[in-house]
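For reference, the structure is listed below as structure tokens.
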Amino acid sequence: MDYFASICLFLLCFLPSNVSFSLDAILFHKKIDGLRARLDFPIIRKYMGIFMCIAYFFSGFDKLLGYNWRNGESIWKTFTLPYSNLDFNLQLEWLADYPWVMIGMGWFVILQEIFYFLINHKPLRRFWLIGIVCMHLGIALILNLYFFSAIMIILNLTTYYDFEGKLKGFQTFGKSSELKPQS
Numbered sequence: 144m145d146y147f148a149s150i151c152l153f154l155l156c157f158l159p160s161n162v163s164f165s166l167d168a169i170l171f172h173k174k175i176d177g178l179r180a181r182l183d184f185p186i187i188r189k190y191m192g193i194f195m196c197i198a199y200f201f202s203g204f205d206k207l208l209g210y211n212w213r214n215g216e217s218i219w220k221t222f223t224l225p226y227s228n229l230d231f232n233l234q235l236e237w238l239a240d241y242p243w244v245m246i247g248m249g250w251f252v253i254l255q256e257i258f259y260f261l262i263n264h265k266p267l268r269r270f271w272l273i274g275i276v277c278m279h280l281g282i283a284l285i286l287n288l289y290f291f292s293a294i295m296i297i298l299n300l301t302t303y304y305d306f307e308g309k310l311k312g313f314q315t316f317g318k319s320s321e322l323k324p325q326s
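All you need for our numbering is the position in the sequence shown, starting with 1, plus 143.
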């Protein structure tokens, strides 16, 4: 978790956080627009994607080498740790009767991480991103690792979600030209 938080802080050196949805973007929109024009967001996101693919691949490969993830034991141990599941107190004892669920979850995590590079294939991107976000939401709910999950969700969404296309009207918030009716 500390490594990914440090990586996020390092990435802020190249991907400034004040160019959209910030007080700077509203108050100093002319300066910020000049900064936004000089930044090459697609190439920065490409480098982030390469880093994410490498990180997820080696994480999944490490899980594949051990037998605990393949037989569901790691999932079961995760669910039964004394400090896990404290906030929501989900009743997960019923999973002991269905070991195939934990085996499937373990293989889902392994395959999701090893084949993470498939997120670069446009038709699979939405489904892969939903799977990764759901996996990290599960980590947050079961293991109470909220900061780690938030960092990983933010990294994945920053790298692969098309904010420019979805929030086009909000990208230049504060410009007076958007308030004028178009003729």
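Quick reminder that beta carbons are idealized off the backbone N, C-alpha and C, glycines included.
Under the rule that 16 or more other beta-carbon atoms within 10 Å means buried, what is residue i, buried or exposed?
i: E256; result: buried
i: Y146; result: exposed
i: N299; result: buried
i: Y259; result: buried
i: A168; result: buried
i: H264; result: exposed
i: I294; result: buried
i: I218; result: buried
For the alpha helix (DSSP H) holding residue i, just list the boundary residues, first then last.
i: I273; result: K265 to L286
i: Q255; result: P242 to I257
i: W212; result: Per DSSP, W212 belongs to no alpha helix (DSSP H) and is neither H nor E.
i: P185; result: F184 to L208
i: N228; result: No alpha helix (DSSP H) contains N228, which DSSP labels as neither H nor E.
i: A180; result: H172 to R181
i: Y289; result: Y289 to Y303
i: C151; result: D145 to L154
Whole angstroms are fine: how far does the CA of residue j sit from the CA of residue i?
i: S292; j: L208; result: 24 Å
i: D240; j: K220; result: 15 Å
i: G281; j: F306; result: 24 Å
i: A198; j: I296; result: 14 Å
i: R268; j: I275; result: 10 Å
i: A139; j: H172; result: Shown here, the chain extends from 144 to 326; a query on residue 139 therefore has no answer.
i: Q314; j: M195; result: With a pLDDT of 43 at Q314, under the threshold of 50, the predicted position of this residue should be treated as unreliable, and no value is reported.
i: L233; j: A283; result: 13 Å
i: L210; j: D183; result: The sequence given here has Tyr at residue 210, not Leu. Their Cα atoms are separated by approximately 43 Å.
i: L261; j: C277; result: 17 Å
i: I186; j: P242; result: 44 Å
How close, in whole Å, do the beta carbons of residue i and residue j come, if the pair is a contact with beta carbons under 8 Å?
i: I285; j: N228; result: 6 Å
i: F290; j: M144; result: 6 Å
i: C244; j: L235; result: With the sequence shown as reference, residue 244 is identified as Val, and Cys is not the correct amino acid for it. With a Cβ gap of about 10 Å, V244 and L235 do not count as contacting.
Would a C-beta distance cut-off of 7 Å place residue i and residue j closer than the cut-off?
i: I253; j: G192; result: no
i: Y226; j: L272; result: no
i: W212; j: G249; result: yes
i: D116; j: N287; result: With the chain covering 144 to 326 only, the question about residue 116 has no answer from this structure.
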